[in-house]
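Start counting the sequence shown at 32; every next residue gets the next number (full-length UniProt numbering). Backbone N, C-alpha and C fix where the C-beta goes; we use that ideal spot for every residue, glycine too.
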Amino acid sequence: PSKHKYVLIESHDKVGLITLNRPKALNALSTDLFHELNDVLEKFDNDPNVGAIVITGSERAFAAGADIKEMVDKTFAQVYKKNFLGDWGKINGIKKPIIAAVNGFALGGGCELAMSCDIIYAGENAKFGQPEIKLGVIPGAGGTQRLTRAIGKSKAMEIILSGRNFTAQEAEKWGLVSKVLPVDKVLEEAIKLGQEIASFSQPSIQAAKESVNQAYELSLNEGNHFERRLFYGLFSLRDKKEGMEAFLEKRDAKWTNE
Ligand code: CAA
Numbered sequence: 032p033s034k035h036k037y038v039l040i041e042s043h044d045k046v047g048l049i050t051l052n053r054p055k056a057l058n059a060l061s062t063d064l065f066h067e068l069n070d071v072l073e074k075f076d077n078d079p080n081v082g083a084i085v086i087t088g089s090e091r092a093f094a095a096g097a098d099i100k101e102m103v104d105k106t107f108a109q110v111y112k113k114n115f116l117g118d119w120g121k122i123n124g125i126k127k128p129i130i131a132a133v134n135g136f137a138l139g140g141g142c143e144l145a146m147s148c149d150i151i152y153a154g155e156n157a158k159f160g161q162p163e164i165k166l167g168v169i170p171g172a173g174g175t176q177r178l179t180r181a182i183g184k185s186k187a188m189e190i191i192l193s194g195r196n197f198t199a200q201e202a203e204k205w206g207l208v209s210k211v212l213p214v215d216k217v218l219e220e221a222i223k224l225g226q227e228i229a230s231f232s233q234p235s236i237q238a239a240k241e242s243v244n245q246a247y248e249l250s251l252n253e254g255n256h257f258e259r260r261l262f263y264g265l266f267s268l269r270d271k272k273e274g275m276e277a278f279l280e281k282r283d284a285k286w287t288n289e
């Protein structure tokens, strides 16, 4: 039996699947749930048989946000001293690609969790939003930063200041999600994408993820420099030689992840 109460884990041929499982609260992201999520993310990140990770929820809700019941009585001093939501940042240190397979509500912290993943696939019924303004607060897990970088200032302002939800179709049009799929296909397609990613050499996948993420941190010049250094670094791998030789010999590469 799993030691986790709020997340289910499965392996699908090199893809580690994490299902948020707090259905009565629409997967509200309590501190306990997040601890478990971080724990399994780290476990998959350290598992050499896993090449990509998928996070999903239910058809009704990916996650309806941080747990409002947990927050309602907290004071400034408590959240400040305890660095409340601080460990939500751990997902940013995961080296393997993470795909969010989103159906239903991805609101507040749920939207922020999806945006913390590397790729978002959404079901036709998915509803995104940052409704924190309706609770008298603002997004607190990166919403103002990630949504703005993803969809631009005017749209991000409109969404965050009005608290209105937006649809999967809008999210795709604005570039926040890469694909909208029928509800019953989202997870399957996310796993398939994860398997495709996991079929490549892990160090180059890791480097690609790291380099794309630096596009949000560095100037263009510094970013290009960072990329070039990683590119050169990959020439030290057996897999670089194997990949290029396989191409020239018109055969499939046999990766060793070394
Ligand atoms: N925290 C705690 N419980 C939640 C929750 C949340 N974020 N979202 C839903 N629930 C609970 C409800 O309280 C309800 O529990 P009870 O049965 O005990 O009353 C249960 O889940 C089902 O929810 P509803 O009855 O409300 O379901 P609905 O279909 O009528 O509405 C919904 C669905 C529109 C998603 C609505 O639940 C909702 O608006 N949820 C809150 C969304 C929100 O404000 N999220 C932002 C949270 S703040 C945040 O995330 C801060 C941050 O940036 C990190």
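C-beta contact flag for residue i and residue j at 7 angstroms
i	j	result
Leu207	Ile182	yes
Ala172	Leu224	no
Leu138	Pro170	no
Gly47	Ile84	yes
Val71	Ile40	yes
Lys240	Pro128	yes
Asp63	Ile125	no
Ala202	Ala153	yes
Glu155	Ala199	yes
Lys45	Ala229	yes
Glu90	Asn134	yes
Environment of residue i [buried if 16+ CB atoms lie within 10 Å]
i	result
Asp118	exposed
Ser232	buried
Leu57	buried
Ser235	buried
Val168	exposed
Glu280	exposed
Leu60	buried
Ala97	buried
Gly174	buried
Val243	exposed
Gly252	Note that residue 252 is Asn in the sequence shown, not Gly. Classification for Asn252: exposed.
Asn114	exposed
Phe107	exposed
Tyr37	buried
Glu276	exposed
Ala221	buried
Arg259	exposed
Phe136	buried
Own chain, CB closer than 6 angstroms to residue i, minus 5 neighbours either side, in chain order
i	result
Asn196	Lys158, Gly160
Ala131	Ile86, Ala145, Cys148, Ile151
Leu178	Ala187
Tyr143	It is worth fixing the name first, because residue 143 is Glu in this sequence and not Tyr. Ala172, Gly173, Gly174, listed in sequence order.
Run of the alpha helix (DSSP H) containing residue i, from where it starts to where it stops
i	result
residue 331	Nothing about residue 331 can be reported from this structure: the residues present for the chain run from 32 to 289 only.
His66	62-76
Phe107	107-112
Glu201	199-204
Lys175	It is Thr, not Lys, that sits at residue 175 in the sequence shown. Start and end: 174-182.
residue 25	An answer regarding residue 25 cannot be provided, because it is not within the stretch 32 to 289 covered by the chain.
Lys221	Before going further, note that residue 221 is Ala rather than Lys in the sequence given. Looking at the DSSP string, the run of the alpha helix (DSSP H) that includes Ala221 is 217-229.
Phe93	Run containing Phe93: none in the alpha helix (DSSP H); it sits in the beta strand (DSSP E), 92-94.
Ala277	269-279
Ile99	99-102
Close-in-space but distant-in-sequence residues of the same chain around residue i (CB under 8 angstroms, 5 per side omitted)
i	result
Asn288	Pro79, Ser232, Gln233, Pro234, Asp270
Ser42	Leu48, Asn80, Val81
Asn69	Asp118, Lys121, Ile122
Leu268	Ser232, Pro234, Ser235, Glu289
Gly264	Ala238
Identity of the residues DSSP links to residue i by a beta bridge
i	result
His43	Val46
Gly160	Leu138
Lys210	Tyr152
Leu51	Val38
Run of the beta strand (DSSP E) containing residue i, from where it starts to where it stops
i	result
Ile151	150-154
Ala83	83-87
Ala131	129-133
Cβ neighbours of residue i in the same chain (closer than 7 angstroms, five flanking residues each side left out)
i	result
Gly254	Gln245, Ala246
Leu249	Phe257
Exercise for review: Let me have the residue list for the ligand FMN: C-beta closer than 6 angstroms to any non-hydrogen atom, ordered along the chain.
Suggested key: The ligand FMN is not part of the structure shown, which contains the ligand CAA as its ligands.
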